[in-house]
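Here the structure is laid out as structure tokens; the discussion comes afterwards.
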Amino acid sequence: VTLARAAPRGAQSLRRDPRFGRLVARTEELTPTLGAQACANVLWALGRVRHHPGEAFLRRLAEASEGLLADFWPQNLANCLWAYAVLRRHHPGVSHLAALADEVEAKAAALSPAELASS
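Residue numbers for the sequence shown follow my numbering, beginning at 34 and rising by one.
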């Protein structure tokens with residue numbers, strides 16, 4: 034997340050840096066251990082730097098987050114949907130998108146106007 038915030042204009046050079054590739058690979062290894070906030074942060078950061086890590090990584094991240102969606106804050110849900118759109122991942126899994134949509138619906142009253150707009 035810190036790298037994504039620090040490199041908004043340098044995202045292209047960040048994506049080419051071999052250390053970034055190692056960071057993404059290590060994150061993929063740790064995906065099964067991530068909590069709700071971390072899952073949302075990883076997806077948001079990937080979207081922020083416009084880095085599509087591959088379908089296998091995104092599938093693992095969706096699987097890791099699926100059982101945690103009830104713990105996602107409204108902002109987490111909005112950020113995940115935004116990141117999927119930015120990464121042009123239209124089909125992260127029908128059940129995962131449906132689960133995200135269900136959580137957004139359940140938490141709609143708590144969403145800010147900006148969160149609603151990005152959902």
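A virtual CB, placed ideally from N, CA and C, is assigned to each residue, including glycine.
query                                                                                                                        : result
Closest by CA to residue 70, which one among 45, 101 and 48?                                                                 : 101
Which of helix, strand or coil does DSSP assign to residue 137?                                                              : helix
Let me make sure I understand the geometry here. Which of 55, 104 and 51 has the alpha-carbon closest to that of residue 72? : 104
Give me the residue from 93, 143, 137 and 148 with the minimum Cα distance to residue 66.                                    : 93
Nearest-angstrom Cα distance between residue 88 and residue 131?                                                             : 18 Å
Taking Cβ positions, are residue 107 and residue 144 nearer each other than 8 Å?                                             : yes
Over the uninterrupted alpha helix (DSSP H) stretch that includes residue 145, give me the two end residues.                 : Residue 145 -> no alpha helix (DSSP H), and no H or E assigned at all.
Would you mind reading off the limits of the alpha helix (DSSP H) that contains residue 80?                                  : 69 to 81
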